[in-house]
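From first to last, the protein sequence lines stand for chains A and B. Residues in the first sequence are numbered from 1 upward in steps of one, following the UniProt record's numbering. Residues in the second sequence are numbered from 1 upward in steps of one, following the UniProt record's numbering. Worksheet for the structure shown next.
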Amino acid sequence: MSKETLFKQGAIWAFIVVELIFFSVAGSYLSVSDSAFMDFDNMLLLLKQSAPIGIIALGMTIIMINGNIDLSVGATYALAAIVLLDSMTWPFMQAMGDWAIPLAWFFALLTGTVLGAINGLIVWKTGVDAFIVTLGSMLGYRGLVFMYNGEQPTSHLNWTLVDFAEAQFLGLHTATWFLLVAALILWLVMTKTVHGRNAYAIGNNREAAVNAGIRVGPHFLWNFMLIGFLAALSAVVFYSESGSVNPNDGMLYELWAITAVVLGGTKLSGGYGSIISTLGGVIAIQLLRKGLGHIGADTETVNLVIGLILIAVLFLDRQLNRTGKEELKI
Amino acid sequence: MTDHTPVLRLEDIVKTFPGVRALDGVSFNVLPGEVHALMGENGAGKSTLMKVLGGILQPNEGRIFIEEEPTVMTTPVQAKAKGVVFIHQELSLADELTVAENIFLGELPLKSFGRVDWGTLYDDTNAILKQLNVGFDAKTRVGDLSIANQQMVEIARALTVDPKAVIFDEPTASLTDAEKVVLFDVISGLQSKGVGIIYISHRMEEIFKITDRISVLRDGQYRGTLNTRETNEEEVTHLMIGRKLDLSRNESHHELGDVALEVRGLSCGKLFQDVSFNVRRGEVLGFYGLVGAGRTEIAETLFGLRDPSAGQILLNGQEVRIKSPIEAIGHGISLVPEDRKGQGLVLGMNCRDNMTLPQVDDLTAGPFVSDGAEIAIFDQYRDKLDIRTPGWRQTVGNLSGGNQQKIVIGKWLSMRPEVLIVDEPTRGIDVGSKSEIHNLIRDLAAQGFAVIVISSEMPEVLHVSDRIVAMYSGRVMREFTSDEVTEDSLIQAISGITGDKVA
Chain A
1 MSKETLFKQG
11 AIWAFIVVEL
21 IFFSVAGSYL
31 SVSDSAFMDF
41 DNMLLLLKQS
51 APIGIIALGM
61 TIIMINGNID
71 LSVGATYALA
81 AIVLLDSMTW
91 PFMQAMGDWA
101 IPLAWFFALL
111 TGTVLGAING
121 LIVWKTGVDA
131 FIVTLGSMLG
141 YRGLVFMYNG
151 EQPTSHLNWT
161 LVDFAEAQFL
171 GLHTATWFLL
181 VAALILWLVM
191 TKTVHGRNAY
201 AIGNNREAAV
211 NAGIRVGPHF
221 LWNFMLIGFL
231 AALSAVVFYS
241 ESGSVNPNDG
251 MLYELWAITA
261 VVLGGTKLSG
271 GYGSIISTLG
281 GVIAIQLLRK
291 GLGHIGADTE
301 TVNLVIGLIL
311 IAVLFLDRQL
321 NRTGKEELKI
Chain B
1 MTDHTPVLRL
11 EDIVKTFPGV
21 RALDGVSFNV
31 LPGEVHALMG
41 ENGAGKSTLM
51 KVLGGILQPN
61 EGRIFIEEEP
71 TVMTTPVQAK
81 AKGVVFIHQE
91 LSLADELTVA
101 ENIFLGELPL
111 KSFGRVDWGT
121 LYDDTNAILK
131 QLNVGFDAKT
141 RVGDLSIANQ
151 QMVEIARALT
161 VDPKAVIFDE
171 PTASLTDAEK
181 VVLFDVISGL
191 QSKGVGIIYI
201 SHRMEEIFKI
211 TDRISVLRDG
221 QYRGTLNTRE
231 TNEEEVTHLM
241 IGRKLDLSRN
251 ESHHELGDVA
261 LEVRGLSCGK
271 LFQDVSFNVR
281 RGEVLGFYGL
291 VGAGRTEIAE
301 TLFGLRDPSA
311 GQILLNGQEV
321 RIKSPIEAIG
331 HGISLVPEDR
341 KGQGLVLGMN
351 CRDNMTLPQV
361 DDLTAGPFVS
371 DGAEIAIFDQ
381 YRDKLDIRTP
391 GWRQTVGNLS
401 GGNQQKIVIG
411 KWLSMRPEVL
421 IVDEPTRGID
431 VGSKSEIHNL
441 IRDLAAQGFA
451 VIVISSEMPE
461 VLHVSDRIVA
471 MYSGRVMREF
481 TSDEVTEDSL
491 IQAISGITGD
501 KVA
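See the structure below:
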């Protein structure tokens, strides 16, 4: 690995270390609670809390490397959650006892995959920009969420499920395991498989990819199905534990996911990015939230700071990547 | 070689674009083991023909035969599968990926579960790179390579399959002499395997060095095929240009005024270095050179689009610093850009609005744009430049190329510039309108404008210029007056040959 790529991919982890040091030091003066920020249990909890957006962000990384974007993931997440919880109340499912759980999971994941496939098919067959297509489906899918149960929350608590979701294996929570395993698998897909490498090629230079005979459309479709699946997986992980979904849940998740992906260094224009760096981006954002909370900042301040940091990071990135003084001005 | 069946034969290929007949009944053939040069001026239809062969464009009429079998190729993949490989002039590479991934783009070797077989990929790539004798390996990121090396990656793509015919489109445009030798070795290697090669280049010395036959296109029509051994540059040029080298130079000289613009030692990083020239009122200064010689970049620097790294720009004897197009316009410099449709016009807007675009801020009546003032300006320049349009409401995108260019020129004239820079004024414009634009440029100079014309077409430069600056890879090689210039000396100068051969 060259020095430059090491620097690029290491930057987000360096940022995380800086955050850890800052919040530990600042926390010891400003903290409202007695416990230290760098507490082991606190860190485990942090990983667990990054899982819902983290799993979506992994999918978003692939979509963005591919040169697209998906704004509908938040709505897909909510709809998959409703299917998960509601399906367990269906009579034939209730008759199955705890065997209803895997089936409910399957229904939820299927929902996500199908919604993703719809996005992918539209992008492929119409050639309309993914931003517009998923903007439309974001509104549409959210509409479906409200049609399901009106303004009412959909609830169903299954204690077996809650026990599973709250379990800790080797110290890590179930949600954390899902995040890490998904990251590992997707990292393998993006670095080792032809599909992954073609996704990079398409995002990098679409015309070259087409000229080389790569079928762009099917790759789009697969990746949209993948992100739909992951949005549903994220819902499965989170709502297995909470057992109640509001129709407004998952709003702005698409933007948080994109923020994490961009913070991790993936190019908005496609062709460059890494799953592992996105994981870093997700953890960095969660650290900021938790850390600022730890030193007594309220939610509004947290959002303001994250927004400023995002812009600062991208500005820095641009300055570092400039082609030199002779570049054409715009 | 006539006893062989041609690997590739074209019959009466016709390709039309809206308003243009880009290819008009082109037929020719390529024999196995032959290097067949395809020549013609810019816009003669070479690239279109190659795109048809490479499966990127579909011909409207005519047939393609591969080894005498009629073939229809609808995609580049299909063309490649049938053994026709197209080495693009514009680089068609993904710069974030490795050399190996680019060379085998779309056909990465597979293992189980759709995994890439990296071992095979790198071994195959390194074997190909060894043939090419290049100084990088399979794992290098393409974006880190020089343009010349990227071109070598592009060339390496031809060696991944067993091709029947390989099309090289200006492959040496960015190669150094040492790399050219390697390329020519690759070509003779392919030749000895019986591959037919189509070689497109503007460089006569290469053509005469490596090709067996030369086919010439002019204005989309096939003009004939010559045996390289039995012909000479003059005959080829004659076929290409259609007349006995109408390199008629500009004869009319009008009275020259003071120096309007002077440039001293201007440099911009690696793009161009130490460029000095001046242009007087009433004079047309031509810039001639190969693509990438730095001419357009100089124009962009003068227009404030790039920051020079050294040198001075003097307007009317006073040094100025131009940091943006707004300042350039304020100083009386106007640029008619190279890419008319992309940079010069807002295609969806009407004629009047395009014409008044740079000054619409000043054409107001109260808070609103003053229609009357805009129309007055449009009418004035429509008459002056003889722009043929049904009316100012016409959308610019619907006009012919020549009239579009006049709108761009009119736009800048209405700003009353002192220096008018025109980059490739007749690119993509038909022959009739070309001479109109040329006359217009001469007229403008006669009216006292200082005009800089950048062009890749020699007849054009010779035709309109009072003086010609010849550029080669970012440097001014020589300056000619229209009386002393000859085609030979001009070609030598832009090819980087300094020797002053008196012709």
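The beta carbon of each residue, even a glycine, is placed where N, CA and C say it ideally should be.
In the structure shown, the three-state DSSP call for I66/B is strand. Non-local C-beta neighbours of A44/B in its own chain, meaning closer than 6 Å and more than five positions away in sequence, comprise L217 and R218, ordered along the chain. Short of 6 Å from the beta carbon of P70/B, and not among the five residues preceding or following it, lie these beta carbons of its own chain, in chain order: R63. When A293/B, V259/B and E297/B are compared, the shortest CA-CA separation from R281/B is found for V259/B. For R340/B, there are no neighbours in chain A by C-beta distance under 8 Å, as the nearest C-beta there is about 18 Å away.
Leaving aside the five residues that flank V128/A on each side, none in its chain has a CB nearer than 6 Å to its CB.
For G45/B, the secondary structure class from DSSP, reduced to helix, strand or coil, is coil.
Neighbours of G213/A across chain B, judged by C-beta separation under 9 Å: T75, P76, V77, Q78, K80, A81, L105, G106 and E107. DSSP, read as helix, strand or coil, puts A293/B in coil. Interface residue (Cβ-Cβ distance to chain A less than 8 Å): G294/B is not classified as such.
I101/A has its alpha-carbon roughly 60 Å from the corresponding atom of V134/B. A straight line joining the alpha-carbon of I429/B with that of E230/B spans about 34 Å. By alpha-carbon distance to K139/B, the top candidate from E170/B, V116/B and A100/B is A100/B. Interface criterion not met: the Cβ of A373/B is under 8 Å from no Cβ in chain A.
Taking the Cα of Q151/B as reference, the smallest distance to any Cα among K164/B, I198/B and F86/B is reached at F86/B.
Of all residues in the stretch 124 to 137 of chain A, none places a beta-carbon less than 7 Å from a beta-carbon of chain B. At a cut-off of 8 Å between C-beta atoms, V194/A counts as an interface residue with respect to chain B. For R115/B, the residues of chain A that pass the 8 Å Cβ criterion are K192, T193 and V194, in the order they occur in the chain. Annotation for L175/B: A148, Q151 and L183 place their beta carbon closer than 7 Å to its own, counting only its chain and skipping 5 residues before and after.
With a threshold of 8 Å between beta carbons, L93/B makes contact with chain A. Listed in chain order, the positions of the stretch 308 to 320 of chain A with a beta carbon within less than 8 Å of a beta carbon of chain B would be empty, since no residue qualifies. Secondary structure at N232/B: coil, using DSSP grouped into helix, strand and coil. By the 16-neighbour rule on beta-carbons within 10 angstroms, L139/A is exposed. Restricting attention to G55/B, P308/B, G286/B and K51/B, the CA atom closest to the CA of L271/B is found in P308/B. Within chain A, the residues placing a beta-carbon under 9 Å from that of E101/B are R197, Y200 and A201, ordered along the chain. For the options N303/A, L287/A, A51/A and I69/A, the alpha carbon positioned closest to that of N42/A is the one of L287/A. In the structure shown, R142/A falls within a helical segment according to DSSP collapsed to helix, strand and coil. Taking the CA atoms as reference points, E338/B sits about 40 Å from G307/A. Note: V284/B is bridge-paired with V451/B in the DSSP secondary-structure output. Residues of chain B with a Cβ closer than 7 Å to the Cβ of N204/A are, in chain order, A94, D95, E96 and L97. Taking C-beta separations shorter than 6 Å and ignoring five residues to either side along the sequence, the partners of A26/A in its chain run I295, following chain order. Contact between A199/A and I65/A holds, since their C-beta atoms are separated by about 6 Å, short of 8 Å.
In the three-state reduction of the DSSP assignment, I65/A falls in the helix class. A Cβ of chain A is located within less than 8 Å of the beta carbon of L110/B. Between A11/A and chain B, the shortest Cβ-Cβ separation is not below 8 Å.
In the DSSP assignment, the residues bridged to Y199/B are A37/B and F168/B.
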